[in-house]
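Chains as they are written, first to last, in my numbering: chain V, 50 to 433; chain A, 107 to 499.
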């Protein structure tokens with residue numbers, strides 16, 4: 050019964066497992082960003098995001114005050130709880146932390162285990178228990194400052210929306226969002242319009258030099274855009290566009306066109322020749338063939354290029370930096386995040402992760418609304 | 107309305123291959139002309155040149171006396187049905203059929219009326235709102251026909267419109283196309299590789315081979331009086347037996363000797379091929395139709411019989427084919443006389459020996475290995491020149 054077409058490979062499970070593995074590997078950075086965006090800043094710097102659900106061991110320092118010291122059996126005794134200070138209460142909120150180790154010197158803050166008794170430098174002893182309560186004893190009266198207690202505590206995981214609050218309410222973020230849209234939408238539509246016409250001509254119209262033109266377009270695919278930034282900007286300046294939205298639209302259009310033409314042309318050339326010839330015999334001009342037949346049938350290709358172009362103009366930082374003025378009025382989101390949020394808060398992973406997720410939202414929306422066009426078989430039933 | 111003329115039409119592709127050489131014929135007004143030939147014979151190219159989808163390298167094509175060489179398809183007022191139907195997948199049946207009218211800027215009311223009347227003719231009123239992907243093969247074919255007839259063009263062009271259908275549907279649609287063409291009376295050029303379609307549909311049939319028109323005649327004449335060896339071998343199923351034979355004069359009666367076999371040439375056949383007389387003592391191509399053989403019933407003179415041993419038998423029910431190996435040299439009409447064959451006509455390969463095919467009544471079927479006496483009907487021998495492949499008329 051095992052004919053060739055119907056035979057199932059015995060290694061299907063291996064294929065499935067490796068696909069799942071690959072998907073997971075690809076997803077890991079995104080998951081990491083998502084988790085990090087909800088974590089507390091201090092906790093991010095202590096443990097990786099994959100340990101987020103576990104308690105974090107963090108070290109703290111508490112200065113005590115000698116007030117309230119009492120004499121008992123000839124010894125001066127000072128008591129308190131490290132978790133009861135205002136600072137710590139703010140840190141922990143309602144959660145219970147567990148003290149694991151403590152120390153008396155900053156160079157070795159986890160010298161002793163909880164419950165042990167340590168020698169104080171100024172004489173006397175210090176005992177800190179795991180619930181945070183401590184007791185210092187000394188034969189002499191404590192000085193103007195009480196002993197400084199260093200300790201490590203298991204702090205329960207803390208999740209917070211603070212990062213989102215910071216990013217979303219940052220000054221001028223709404224303006225930056227509008228600016229990004231202002232850049233992205235025309236920078237997606239203009240190249241598609243131009244490329245669709247070019248692709249039709251290159252695919253279905255006979256004219257001398259067509260092959261060379263196609264080769265040139267493919268050649269342009271390999272030109273890195275970084276190479277063109279400076280000459281292009283000086284050109285823009287000399288024709289009076291300078292740094293402006295018009296300038297960045299043209300720049301994105303130019304950088305996007307080779308791929309757009311290439312992609313659309315290859316799609317259009319694959320449309321059944323009979324359909325196009327039939328339209329011509331039915332009396333359509335080239336322009337009518339393009340608008341009535343080729344364009345509607347090329348919708349999947351148009352949609353997929355639109356998604357690409359939208360995504361990388363949305364996420365673009367470099368071109369925006371070069372072709373837009375740097376004042377706050379024309380900052381796009383990527384520039385805003387990189388300059389204002391991260392520039393002044395170097396290494397703030399929580400903000401970075403959150404910004405990434407905020408800026409992903411719109412592209413995701415675009416992707417999910419357009420993706421059905423990518424899979425729909427538009428040509429079904431046309432020929433045969 | 108709708109007379110098409112081919113005047114010395116030549117088609118040469120960019121790589122130098124000649125698809126059509128010096129084509130001359132005309133399609134009368136209202137005529138159904140079928141172009142038939144094996145694949146690659148230039149029949150589709152000829153059709154596409156009429157449609158304007160293929161440039162004409164030399165000569166000219168006229169429609170109603172107007173030279174159309176330089177015109178685009180839309181300026182020629184023709185309609186074409188493609189092998190793949192080429193329906194527009196994003197349009198409904200109604201939009202598909204209305205497309206030519208929309209391109210011609212026909213008034214919407216008028217357009218609607220004409221689409222309705224076309225759908226009535228084709229009997230598919232209930233399909234108007236469907237998309238091509240929701241239709242069966244036969245229905246799609248019908249929509250393609252409908253799209254051609256809505257605009258009442260000067261000429262219908264059909265490029266193997268039935269070859270994507272299954273056998274049963276093909277027969278049905280064949281009848282429908284014939285009926286439709288008769289009713290509309292529109293000049294039609296129909297391309298096919300199927301000789302049954304060609305014979306049943308065409309008022310006249312043009313047989314092409316290697317870009318050369320072999321014969322243009324009504325179907326019956328094509329069968330009875332083939333002009334060339336190629337036509338003889340192409341029309342008819344199973345095809346005509348073709349072999350090298352020598353014309354001998356045996357006491358006033360002409361005899362065709364092929365290998366160790368011989369058939370007397372009856373006066374009726376000589377009347378049809380008078381040139382045979384000039385070829386006494388020379389080699390010719392002898393053509394015999396399988397269906398003209400019959401099992402000899404005993405009262406025939408010895409010299410009219412062919413004795414041969416049966417190699418195998420194919421029983422088809424209404425008839426039986428018997429295969430009789432001979433030692434005569436077989437002639438292949440499609441390779442020997444074509445343009446392509448000229449360079450190496452007799453180059454190298456051993457000539458194949460003819461296996462004579464005879465189609466006989468199923469009542470007296472001999473068995474494998476049996477010796478049979480078969481005879482041949484009068485008036486039905488065919489003779490062709492061994493060098494040019496043309497009929498000896």
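Built from N, CA and C at the ideal position, the CB exists for glycine as well.
Since this is a predicted model, take the numbers as computed values, not measurements.
Integer Cβ distance of residue i from residue j, believed to fall under 8 Å
{"i": "residue 367(A)", "j": "residue 419(A)", "result": "Incorrect: roughly 19 Å between the Cβ atoms, too far for contact."}
{"i": "residue 149(A)", "j": "residue 156(A)", "result": "So it is not a contact: roughly 11 Å between Cβ atoms."}
{"i": "residue 285(V)", "j": "residue 236(V)", "result": "That pair is no contact at about 15 Å."}
{"i": "residue 385(V)", "j": "residue 167(V)", "result": "Contact doesn't hold; Cβ gap of about 50 Å is too wide."}
{"i": "residue 263(A)", "j": "residue 153(A)", "result": "5 Å"}
{"i": "residue 126(V)", "j": "residue 198(V)", "result": "The pair is not a contact, with the Cβ atoms about 15 Å apart (cut-off 8 Å)."}
{"i": "residue 379(A)", "j": "residue 497(A)", "result": "7 Å"}
{"i": "residue 390(V)", "j": "residue 404(V)", "result": "6 Å"}
Delimiting residues of the beta strand (DSSP E) encompassing residue i
{"i": "residue 465(A)", "result": "459–466"}
{"i": "residue 487(A)", "result": "Neither: residue 487(A) is in no beta strand (DSSP E) and is coded neither H nor E."}
{"i": "residue 202(A)", "result": "No beta strand (DSSP E) contains residue 202(A), which is instead part of the alpha helix (DSSP H) from 199–209."}
{"i": "residue 431(A)", "result": "426–435"}
{"i": "residue 225(A)", "result": "Taken as a continuous stretch (DSSP letters only), residue 225(A) belongs to no beta strand (DSSP E), being part of the alpha helix (DSSP H) at 214–228."}
{"i": "residue 132(A)", "result": "124–133"}
Any non-hydrogen atom of the ligand GTP within 7 Å of residue i CB
{"i": "residue 178(V)", "result": "No copy of the ligand GTP appears in this structure; indeed no ligand is present at all."}
Contact set for residue i: own chain, Cβ-Cβ below 6 Å, skip 5 residues either direction
{"i": "residue 402(V)", "result": "82, 85 and 86"}
{"i": "residue 454(A)", "result": "Reliability of the predicted coordinates at residue 454(A) is poor, the pLDDT of 49 falling under 50, and the value obtained from them is presented with this limitation in mind. Closer than 6 Å at Cβ, skipping near neighbours: no residue."}
{"i": "residue 314(V)", "result": "248, 251 and 252"}
{"i": "residue 106(V)", "result": "201 and 203"}
{"i": "residue 180(A)", "result": "none"}
{"i": "residue 140(A)", "result": "296, 304, 307, 308 and 311"}
{"i": "residue 342(A)", "result": "none"}
{"i": "residue 66(V)", "result": "none"}
{"i": "residue 450(A)", "result": "At residue 450(A), the pLDDT of 43 sits below 50, so the modelled position is not reliable and the matter cannot be decided from this model."}
Which residues DSSP lists as bridging residue i, in chain order
{"i": "residue 164(A)", "result": "116(A)"}
{"i": "residue 361(A)", "result": "354(A) and 370(A)"}
{"i": "residue 293(A)", "result": "261(A)"}
{"i": "residue 187(V)", "result": "125(V)"}
{"i": "residue 258(V)", "result": "DSSP lists no partner for residue 258(V)."}
{"i": "residue 152(V)", "result": "199(V)"}
{"i": "residue 349(A)", "result": "392(A) and 436(A)"}
{"i": "residue 88(V)", "result": "208(V)"}
{"i": "residue 157(V)", "result": "154(V)"}
Given residue i as reference, the closest of the options once Cα atoms are compared
{"i": "residue 489(A)", "options": "247(A), 481(A) and 390(A)", "result": "390(A)"}
{"i": "residue 173(A)", "options": "235(A), 112(A) and 304(A)", "result": "112(A)"}
{"i": "residue 270(V)", "options": "286(V), 307(V) and 228(V)", "result": "307(V)"}
{"i": "residue 160(A)", "options": "117(A), 201(A) and 272(A)", "result": "117(A)"}
{"i": "residue 192(V)", "options": "198(V), 177(V), 176(V) and 171(V)", "result": "171(V)"}
{"i": "residue 251(A)", "options": "202(A), 148(A) and 487(A)", "result": "202(A)"}
{"i": "residue 102(V)", "options": "63(V), 207(V) and 385(V)", "result": "207(V)"}
{"i": "residue 327(V)", "options": "282(V), 338(V) and 71(V)", "result": "338(V)"}
{"i": "residue 405(A)", "options": "479(A), 466(A), 354(A) and 388(A)", "result": "479(A)"}
{"i": "residue 463(A)", "options": "278(A), 417(A) and 336(A)", "result": "417(A)"}
{"i": "residue 185(V)", "options": "174(V), 245(V) and 294(V)", "result": "174(V)"}
{"i": "residue 211(A)", "options": "334(V), 74(V), 283(V) and 148(V)", "result": "334(V)"}
{"i": "residue 337(A)", "options": "309(A), 304(A), 365(A) and 351(A)", "result": "304(A)"}
{"i": "residue 241(A)", "options": "409(A), 286(A), 194(A) and 428(A)", "result": "194(A)"}
{"i": "residue 92(V)", "options": "406(V), 420(V), 397(V) and 405(V)", "result": "397(V)"}
{"i": "residue 78(V)", "options": "68(V), 99(V), 89(V) and 65(V)", "result": "99(V)"}
{"i": "residue 281(A)", "options": "268(A), 292(A) and 291(A)", "result": "268(A)"}
Span of the alpha helix (DSSP H), counted from its first residue to its last, around residue i
{"i": "residue 316(V)", "result": "294–318"}
{"i": "residue 305(A)", "result": "301–307"}
{"i": "residue 434(V)", "result": "In the structure as shown, chain V starts at 50 and stops at 433, and residue 434(V) therefore has no counterpart that could be examined."}
{"i": "residue 394(A)", "result": "It is not in any alpha helix (DSSP H) - residue 394(A) instead sits in the beta strand (DSSP E) that spans 389–394."}
{"i": "residue 315(A)", "result": "Not the alpha helix (DSSP H): residue 315(A) falls in the beta strand (DSSP E), residues 310–315."}
{"i": "residue 369(V)", "result": "367–372"}
{"i": "residue 286(V)", "result": "274–287"}
7 Å CB neighbourhood of residue i in its chain, flanking five on each side removed
{"i": "residue 259(V)", "result": "251"}
{"i": "residue 119(A)", "result": "125"}
{"i": "residue 129(V)", "result": "113 and 183"}
{"i": "residue 339(A)", "result": "345, 346, 348, 439 and 440"}
{"i": "residue 214(V)", "result": "none"}
{"i": "residue 196(V)", "result": "113, 153, 169, 175 and 185"}
Contact list for residue i against chain B, beta-carbon separation under 7 Å
{"i": "residue 188(A)", "result": "Protein chains V and A are contained in the structure displayed, whereas chain B is not."}
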